[in-house]
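> For reference, the structure I am asking about is given below.
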Amino acid sequence: MTELTSRKRDALNRLKTVRGHLDGVIRMLEEDTYCVDVMKQLSAAQSSMERANRVMLHNHLETCFSSAVLRGNGQAAIDELVDAIKFSPALTGPAAELNGKEAGE
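The sequence shown begins at 0 in numbering that gives the first Met the number 0 and counts up one residue at a time.
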């Protein structure tokens, strides 16, 4: 296995936390926990996954994307990235964070 970047390690750790969180949500459902409480936990897990996705975007821009631009493959890298994020409102929507801040701040 190749050495992970610090950002990929960060995303991996976040996703391992989400996995544990989802195990807890499954238990809540099996125990017939109040629906609103389950919904809150699902939203928290979803937010953690969105943060992991932003970390991966940052990693991609710093590594693969910048390398592609330097090799003269910038347009292909842009097209690939646009295709990858078009269905991810956490990355493209009005509440997407830029540099750790909400868009527009």
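Think of the CB as a built atom: it goes at the ideal place given N, C-alpha and C, for glycine as much as any other residue.
All values reported here derive from a predicted model rather than from experimental measurement.
Give the list of continuous alpha helix (DSSP H) stretches no shorter than 4 residues that lie fully inside the segment 54 to 94.
Fully enclosed alpha helix (DSSP H) runs of 4 or longer: 65 to 69, 73 to 84, 88 to 91.
> To the nearest angstrom, report how far apart Asp22 and Thr32 are at their CA atoms.
When rounded, the distance between both Cα atoms is 14 Å.
> I'd like to check one pair, Lys7 with Asn58: are the Cβ atoms closer than 8 Å?
The answer is yes: Cβ separation under 8 Å.
> For Glu49, is the classification buried or exposed, using 16 other Cβ atoms within 10 angstroms of its Cβ as the cut-off for buried?
Buried is the call here.
> Using a Cβ-Cβ cut-off of 6 Å (strictly less than) and excluding sequence neighbours within five positions of Leu11, which residues of its own chain qualify?
Result list for Leu11: empty, nothing under 6 Å.
> By how many angstroms is the C-alpha of Ile77 removed from the C-alpha of Asn41?
A small correction: the amino acid at residue 41 is Leu; Asn does not occupy that position in the sequence shown. Leu41 and Ile77: Cα-Cα distance of roughly 32 Å.
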